[in-house]
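Visitor: Have a look at this one.
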Amino acid sequence: MKIASWNVNSLKARRAHVEKYLADGGLDVLMVQELKGLDFPHGEFKALGWHTAAVTQKTYNGVAIFSKTPIKIIKEALPGDKDDEQARYLEFETNGVRLIDIYLPNGNPVGTEKFTYKLSWMERLYKRLKTLRKDNIPFAIGGDFNVIPEDQDCYDPKAWQTDALFQPESRAAFRKLLHLGLTEAFRALHPNAPGHYTFWDYQAGAWPKNHGIRIDHFLLSPELADRLISCTIDKAPRSWDKPSDHTPIIIEIDP
DNA sequence: ATGCCGTCCGAAGGACGA
1 MKIASWNVNS
11 LKARRAHVEK
21 YLADGGLDVL
31 MVQELKGLDF
41 PHGEFKALGW
51 HTAAVTQKTY
61 NGVAIFSKTP
71 IKIIKEALPG
81 DKDDEQARYL
91 EFETNGVRLI
101 DIYLPNGNPV
111 GTEKFTYKLS
121 WMERLYKRLK
131 TLRKDNIPFA
141 IGGDFNVIPE
151 DQDCYDPKAW
161 QTDALFQPES
171 RAAFRKLLHL
181 GLTEAFRALH
191 PNAPGHYTFW
201 DYQAGAWPKN
211 HGIRIDHFLL
221 SPELADRLIS
231 CTIDKAPRSW
241 DKPSDHTPII
251 IEIDP
């Protein structure tokens, strides 16, 4: 079972890219982030053979899933704050597996309510995942975590020192998720391997110079970690015409 | 030290991203 996560930076702008990836990627499930629009063309994707679900809002955020098998939606929002209307969370089951698609808040600039929102969102996520662990529900969570876990996940740690993605608080909150007994798929299979990124800024020639950061991740509960076959970053879509600034990360799970 | 680029909304340029 192949599951991919990809921040597409506008579904409207990346529609052809997504359709190409669904056609050629050999995926069972694709989870995407940053739809950046209210409308989601369920009918058009159904015609292409995909079950879909989406949580959207106007202009910002938004997450969606594509699956070859029917989708049972579990939650369309992260519990813990009824006033939070940002479309960043989708928990579902498909093909007998619990999956979670997230677009974790960016949090910049540090020292503002945006950063405290990021940290509070991560604490709410911790509580939700803790519940799933306590209830012994196997799951995989993937998405744009907007966290650079370690120095080796960043081409130039100094350049990111003041960024919300690299703050000690952000990284500690990420580790706290791992301390629930979760496996970070890419790093578990590729330890001590710097230079592997999932995001490259559009500016300053970041892509050709491989000045990237690794911020898109999959975390697996123990049962699914046991079944993890591979975790790869597919750099190809970042080289396409008018690309997203992120590229897909893919896990393969033994069925 | 800062902007670089891209997208949205909407019809100019600010908000946001990371």
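Note that our numbering has the first sequence beginning at 1, numbered continuously upward.
Note that the Cβ used here is the ideal one computed from N, Cα and C, for glycine as well.
Since this is a predicted model, take the numbers as computed values, not measurements.
1) Go to Glu85, then tell me how far its beta strand (DSSP E) extends in each direction, as first and last residue.
2) Per the DSSP calculation, Ala53 is bridged to which residue(s)?
3) In chain order, what residues of the same chain have a beta carbon less than 6 Å from the beta carbon of Leu189, not counting five sequence neighbours either side?
4) Would Ala64 be called buried (16 or more neighbouring beta carbons within 10 Å of its own) or exposed?
5) When DSSP labels each residue in this structure, what does Asp153 get in the three-state scheme?
6) Using three-state DSSP, classify Arg124 as helix, strand or coil.
7) Please tell me whether Ile233 and Asn146 are closer than 8 Å, where the distance is taken between their beta carbons.
8) Since Ser170 is in the alpha helix (DSSP H), which residue starts that stretch and which ends it?
9) Cutting at 7 Å between CB atoms, please list the residues of its own chain near Ser120, excluding the five before and the five after it.
10) Using the beta-carbon count (16 or more within 10 Å), is Asn192 buried or exposed?
Guide: So, from the listed chains and residues:
1) Here Glu85 belongs to no beta strand (DSSP E), and DSSP marks it neither H nor E.
2) Ile65
3) Cys231
4) buried
5) Here Asp153 sits in helix by DSSP.
6) DSSP places Arg124 in helix when its eight states are reduced to three.
7) In terms of Cβ geometry, Ile233 and Asn146 do not form a close pair [threshold 8 Å].
8) Pro168 to Leu178
9) The beta carbon of Ser120 lies closer than 7 Å to none in the same chain, with the five residues before and after it left out.
10) exposed
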